[in-house]
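A.B. asks: To get this note's numbering, take the position in the sequence shown, counting from 1, and add 4. One structure is given below, represented as C-alpha cells, and several questions about it will come after.
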Amino acid sequence: MSDLEQFRAETRAWLDANCPEEMRQPLKSQADHCWGGRKWQFQSEAQKVWMERMAEKGWTAPQWPKEYGGGGLSQEQAEILAEEMKRINARTPVSNFGFWMLGPALLKFGSEELKREHLPPICRGEIRWCQGYSEPNAGSDLASLQTRAEDKGDHFVVNGQKIWTSYADKADWIFCLVRTDPQATKHNGISFVLFDMENEGVSTRPIELISGESPFCETFFDDVKVDKHQVVGELNRGWDVAKYLLTHERNNIGGEPPGFLKGRALGPLAAEYVGTEHGKLADAGLRADIANLEIDHMAFQALVGKIRAEAEAGQGVGAQSAVLKYYGTELNKRRYELMMDALGSEGLEWDSERTLGGLFAREWLRSKGNSIEGGTSEVMLGIVSKRLLGLPDA
C-alpha cells in the first residue's frame, strides 16, 4: 500500500467514526452552514462536535501549517480528504472569510506575530472575519478608496465608510483597506489592516436584498483606533496584499453546487418535482440542459485543479483568477436557473416547507449578485482580454 493509499484508508476510517450522522445530511437553511465566531450559535450539538473534532485534527484548514492550527497536508492529501468527505456527504465543519481569503494572505504577507495571533483562532472557528474593501465611490475601481488611517504614533485612527460588507453585523474582526498616504498615487499609499469589530467607533447597517435576506452591510468607522502591529505586509503597500487576496475571493465564488443540494444531483431533484409517476424526467430538453451543466462543471473543476497545481508549483494564479471567477459565476447562475426549472411552479414558493421555507427561490435571487461581487463580470472579461489574450483596448 502506498503512502497516499494508506492516508486514504486512515482518513476514511476516521471520518466514518467521527462525522455525526446529522452532519452528513443536506443543508436545510443558512443556519446549517457553520460560520463560527464569538456570536455564532450552534444549531445542534452535532454541529459543535463536528467542528471541534475537525479543528483538533487540523482539518478545518487542511493545508495550513500545523504550527498555525492547520493540518499540514500536501495537495494530494487534501484532495483525498475532500473526496472522502464528499463520499459520505460530510458538511464543511466551519467556513468563513478567514479561511477563504485572510488566511492565505496572512500566510504570504503576515508577520510571524500576526500569523500566530490570528490563524489558530480561525482554524478553531473562534473568530469570524469580514472584508472591508468596497466603498460608495470605490467599487470596481477599488483603488479610489477614501477611508483614511491617520498616524497617531503607536496607532492609527480610521475614519470612513465601507459598503457591501458581507456579514459585517455578525463578524468579530475585519480585514480592511485604508489610505495611509493620501499624497501618493491611488494604487500606492494604501495599507491592509486588521481590527476588532467591537472597537469603539465601528457600526454597521444591514442592506436588505431582493431575496429578503440581509447578508450585506454598510460599515462605518468614526475615529476607530487600530494598533500599528495589525498592518499586514508593508505600510502603504496594501494593494499588493489586496490583489493577492482577491484571487482567492474570485476562486471561491461559484463553481460548487449549493450546500442544500449536497448529495442530491439536479436530475433526481427534477424528477422528484416535475417527473412522471415512475420517477422519470420526461422533459428531454431539461434532461439535456442538466447533463450539459454537469459536464461543464466537471470541466471547470479540471481547470481549477490545473490552476491549483500550478500555484502549488510556485507559478501563481494571477489573471487566471478572472477566468475562474467569470466562468464560475456563469456556471453558478445556470445551476440556479436549472434548479428553478427542475422545481416547476413549486420553486417560486416563498414559505413552503417542501421548498425548505422558500430557500430555493431566495438562493436563486441571491445568485444574481455573483456577477457583481468580487469584481463584476465586465471587469473580469476586461482582465482576460488584456492580460491573457493581449487584445488592444476598444
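Cβ atoms here follow ideal geometry from the backbone N, Cα and C, with glycine treated the same way.
On the CB-based measure, 16 or more other CB atoms within 10 Å of its CB, does P186 come out buried or exposed?
C.D. replies: As a working note, residue 186 is residue 182 in the sequence shown. Exposed, since its Cβ has fewer than 16 Cβ neighbours within 10 Å.
A.B. asks: Determine the DSSP secondary structure at T151, reduced to helix, strand or coil.
C.D. replies: Indexing the sequence shown from 1 puts residue 151 at position 147. In the structure shown, the three-state DSSP call for T151 is coil.
A.B. asks: Work out the CA separation of D20 and L385 for me, nearest whole Å.
C.D. replies: Counted from its first residue, the sequence shown places residue 385 at position 381. Counted from its first residue, the sequence shown places residue 20 at position 16. It is roughly 43 Å from the alpha-carbon of L385 to the alpha-carbon of D20.
A.B. asks: Buried or exposed, going by whether 16 or more other CB atoms sit within 10 Å of the CB of H122?
C.D. replies: Position 118 of the sequence shown holds residue 122. H122 should be labelled buried.
A.B. asks: Is the Cβ-Cβ distance between S371 and Y340 less than 7 Å?
C.D. replies: Start at 1 with the first residue of the sequence shown, and residue 371 comes out as number 367. Start at 1 with the first residue of the sequence shown, and residue 340 comes out as number 336. Cβ atoms of S371 and Y340: closer than 7 Å.
A.B. asks: V230 bridges to which residues according to DSSP?
C.D. replies: Position 226 of the sequence shown, counted from the start, is the residue given in the question as residue 230. V230 is bridged to F160.
A.B. asks: Enumerate in chain order the residues of its own chain whose CB-to-CB distance from K266 is below 6 Å, with the five nearest sequence positions on each side excluded.
C.D. replies: Mapped onto the sequence shown, residue 266 falls at position 262. Residue confidence is low: K266 scores 49 on pLDDT, short of 50, so the model does not pin down where it sits. Its coordinate-derived value is still stated next. Same-chain partners within the cutoff: P30, N93.
A.B. asks: Just the C-alpha distance for L110 and K119, rounded to the nearest angstrom, thanks.
C.D. replies: To locate residue 110, count along the sequence shown from 1; it is residue 106. To locate residue 119, count along the sequence shown from 1; it is residue 115. Whole-angstrom Cα-Cα distance: 6 Å.
A.B. asks: Taking N12 as part of the alpha helix (DSSP H), name the residues at either end of that continuous run.
C.D. replies: Within the sequence shown, residue 12 is the residue found at index 8, counting from 1. The sequence given here has Arg at residue 12, not Asn. Unbroken alpha helix (DSSP H) run through R12: 7–22.
A.B. asks: For G75, tell me which candidate among R57, T280, G348 has the shortest Cα-Cα distance.
C.D. replies: If you number the sequence shown from 1, residue 75 lands on position 71. When each option's Cα is compared against that of G75, the closest is R57.
A.B. asks: From V162 to E314, what distance separates their C-alpha atoms?
C.D. replies: For the purposes of this step, residue 162 is identified with residue 158 of the sequence shown, where counting begins at 1. For the purposes of this step, residue 314 is identified with residue 310 of the sequence shown, where counting begins at 1. Rounded to whole angstroms, V162 to E314 spans 38 Å at the Cα level.
A.B. asks: From which residue to which residue does the beta strand (DSSP E) around F179 run?
C.D. replies: Taking the sequence shown and counting its residues from 1, the one referred to as residue 179 is at position 175. From DSSP, the beta strand (DSSP E) with F179 extends over 177–183.
A.B. asks: Our contact map puts V230 next to F160 with C-beta atoms below 8 Å; I'd like the distance itself, whole angstroms only.
C.D. replies: Taking the sequence shown and counting its residues from 1, the one referred to as residue 230 is at position 226. Taking the sequence shown and counting its residues from 1, the one referred to as residue 160 is at position 156. V230 to F160, Cβ: 5 Å. Contact.
A.B. asks: Would you call the region 317–325 and the region 361–369 in contact, with 3 or more CB pairs under 8 Å?
C.D. replies: no
A.B. asks: Thinking just about the alpha-carbon of each residue, which of I294, N22, P66 is nearest to the one in V53?
C.D. replies: Taking the first residue of the sequence shown as position 1, residue 53 is located at position 49. For V53, the nearest C-alpha among the options comes from N22.
A.B. asks: Would G193 and N240 qualify as a contact pair, given that the criterion is a beta-carbon distance under 7 Å?
C.D. replies: The residue labelled residue 193 in the question sits at position 189 within the sequence shown. The residue labelled residue 240 in the question sits at position 236 within the sequence shown. Yes, these two residues count as a Cβ contact at 7 Å.
A.B. asks: Helix, strand or coil for E121, going by three-state DSSP, please let me know.
C.D. replies: Translated into positions along the sequence shown, residue 121 becomes position 117. In this structure, E121 counts as helix in the three-state DSSP scheme.
A.B. asks: Count the other C-beta atoms from every protein chain shown that fall within 10 angstroms of the C-beta of I299, then say buried if there are 16 or more, exposed otherwise.
C.D. replies: Counting from one through the sequence shown, the residue named residue 299 turns up at place 295. I299 should be labelled exposed.
A.B. asks: Helix, strand or coil for Q305 per DSSP?
C.D. replies: In the sequence shown, counting from the first residue as 1, residue 305 sits at position 301. Reduced to three states, the DSSP call for Q305 is helix.
A.B. asks: Tell me which residues share the same chain as K190 and place their Cβ nearer than 7 Å to its Cβ, disregarding the 5 neighbours each side in the sequence.
C.D. replies: Position 186 of the sequence shown holds residue 190. So the qualifying residues of the chain are A147, S148.
A.B. asks: Which term fits T169, buried or exposed, when burial requires 16 or more other beta carbons within 10 angstroms of its beta carbon?
C.D. replies: For the purposes of this step, residue 169 is taken as residue 165 along the sequence shown, with counting starting at 1. Buried, since its Cβ has 16 or more Cβ neighbours within 10 Å.
A.B. asks: Reducing DSSP to helix, strand and coil, say where C38 ends up.
C.D. replies: Working through the sequence shown from its first residue, we reach residue 38 at position 34. For C38, the secondary structure class from DSSP, reduced to helix, strand or coil, is coil.
A.B. asks: Taking contact to mean at least 3 C-beta pairs separated by less than 8 Å, is the region 151–159 in contact with the region 207–220?
C.D. replies: no
A.B. asks: Since K166 and T184 should fall inside the 8 Å C-beta cutoff, what is the C-beta to C-beta distance between them, to a whole number of angstroms?
C.D. replies: Residue 166 sits at position 162 when you count from the first residue of the sequence shown. Residue 184 sits at position 180 when you count from the first residue of the sequence shown. Contact flag wrong, Cβ pair sits at about 16 Å.
A.B. asks: Alpha carbon to alpha carbon, what distance is there between D36 and G322?
C.D. replies: Taking the sequence shown and counting its residues from 1, the one referred to as residue 322 is at position 318. Taking the sequence shown and counting its residues from 1, the one referred to as residue 36 is at position 32. Their backbone Cα atoms lie some 34 Å apart in a straight line.
A.B. asks: Within a Cβ cutoff of 7 Å, which residues of the same chain sit near R338, ignoring the five residues on either side of it in sequence?
C.D. replies: As a position in the sequence shown, residue 338 is number 334, starting the count at 1. Excluding residues within five positions, the ones whose Cβ falls inside 7 Å are L297.
A.B. asks: Going residue by residue through the region 77–122, where are the continuous alpha helix (DSSP H) segments of at least 4 residues, counting only ones entirely within it?
C.D. replies: Taking only runs of at least 4 residues, the alpha helix (DSSP H) segments lying wholly in the region 77–122 are 79–91, 107–113.
A.B. asks: Classify M302: buried if its beta carbon has 16 or more other beta carbons within 10 angstroms, exposed otherwise.
C.D. replies: The residue labelled residue 302 in the question sits at position 298 within the sequence shown. Under this definition M302 is an exposed residue.
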